[in-house]
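In our numbering, the protein residues as written are 118 to 345. We put the beta carbon where it would ideally sit given N, CA and C, even for glycine. Remember, it's a predicted structure, so these values are computed and weren't measured experimentally. Everything on this sheet refers to the single structure shown next.
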């Protein structure tokens, strides 16, 4: 076993693993953050325009729902190929880490929007009625009531989104990107070093667990319904 790890980290592989981990984290954090910056307003719009909500608008809700469902139904690998011309315009390239972040964001925004919509629907209607009775407008209702009340659920949704995005990062090798996935393919497949593939997979699992447990812990701390 000791010989296995000595061989594994020989020839500067330790720094290679570290660089791959940092690249994977960069892709995951940036993709998740941008997805939520766009996904939260979109989710609020889906919730607010739904029937019986705070500003119902059936045509807008139907159009948004159709677009979100359409993008969500396309497998990621196919979506990646389909929107490469758009990536060339927006990002200036169709390959590499930055392009892959763009592909992940496009795929994740509809997923995030639906999770935000679901989180907002979990808010106690009594809290909304109380805010309305005090004369809150829609903007105040969203920013002061709905989003704060849904915060624990939103964080748990963030953990799900981040770990899902992290699970897609190995596909960076398809477009000459970096990270643990690229490392596993480059060394494990092309250079016939399966131990590198195994350790890259283990590192991915560890990152997923840390992210999942960390955000779940934060959600529990922020949940006012749980006595600490």
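If you count every other CB in all the chains shown that lies within 10 Å of the CB of residue i, and 16 or more means buried, which is it?
i: residue 171; result: buried
i: residue 295; result: buried
i: residue 257; result: exposed
i: residue 211; result: buried
i: residue 192; result: exposed
i: residue 272; result: buried
i: residue 220; result: buried
i: residue 290; result: buried
i: residue 307; result: exposed
i: residue 344; result: With a pLDDT of only 46 at residue 344, under 50, the local geometry of the prediction cannot be trusted, and the value read off the model is given with reservation. Exposed.
i: residue 266; result: buried
i: residue 137; result: buried
i: residue 331; result: exposed
i: residue 302; result: buried
i: residue 173; result: exposed
i: residue 311; result: exposed
i: residue 166; result: buried
i: residue 260; result: exposed
Would you grab the beta carbon distance between residue i and residue j for me? Rounded to a whole angstrom, and I think it's under 8 Å.
i: residue 270; j: residue 239; result: 6 Å
i: residue 214; j: residue 144; result: 6 Å
i: residue 297; j: residue 264; result: Not quite, the Cβ-Cβ distance comes to about 34 Å (not below 8 Å), so this is no contact.
i: residue 133; j: residue 237; result: At roughly 43 Å, the Cβ-Cβ gap does not stay under 8 Å, so residue 133 and residue 237 are not in contact.
i: residue 189; j: residue 228; result: 6 Å
i: residue 152; j: residue 226; result: 5 Å
i: residue 262; j: residue 250; result: No, residue 262 and residue 250 are not in contact; Cβ-Cβ is about 12 Å, not under 8 Å.
Can you tell me where the alpha helix (DSSP H) holding residue i begins and where it ends?
i: residue 231; result: 214-238
i: residue 180; result: 175-190
i: residue 200; result: Element bounds for residue 200: n/a, residue is neither H nor E.
i: residue 133; result: 130-165
i: residue 310; result: Unbroken run through residue 310: none, as it is neither H nor E.
i: residue 287; result: It is not in any alpha helix (DSSP H) - residue 287 carries neither H nor E in the DSSP assignment.
i: residue 244; result: 242-250
i: residue 297; result: 297-300
Within 7 Å: the Cβ of residue i and any heavy atom of the ligand MG?
i: residue 179; result: The ligand content of the structure shown is nil, which means the ligand MG is not present either.
Stretch-stretch touch, CB-based, cutoff 8 Å, three pairs: the segment 148-167 with the segment 217-237: yes
The segment 168-183 in contact with the segment 193-203 per 3-pair CB rule at 8 Å: no
Validate contact between the segment 273-284 and the segment 319-336 using beta carbons, cut 8 Å, 3 pairs: yes
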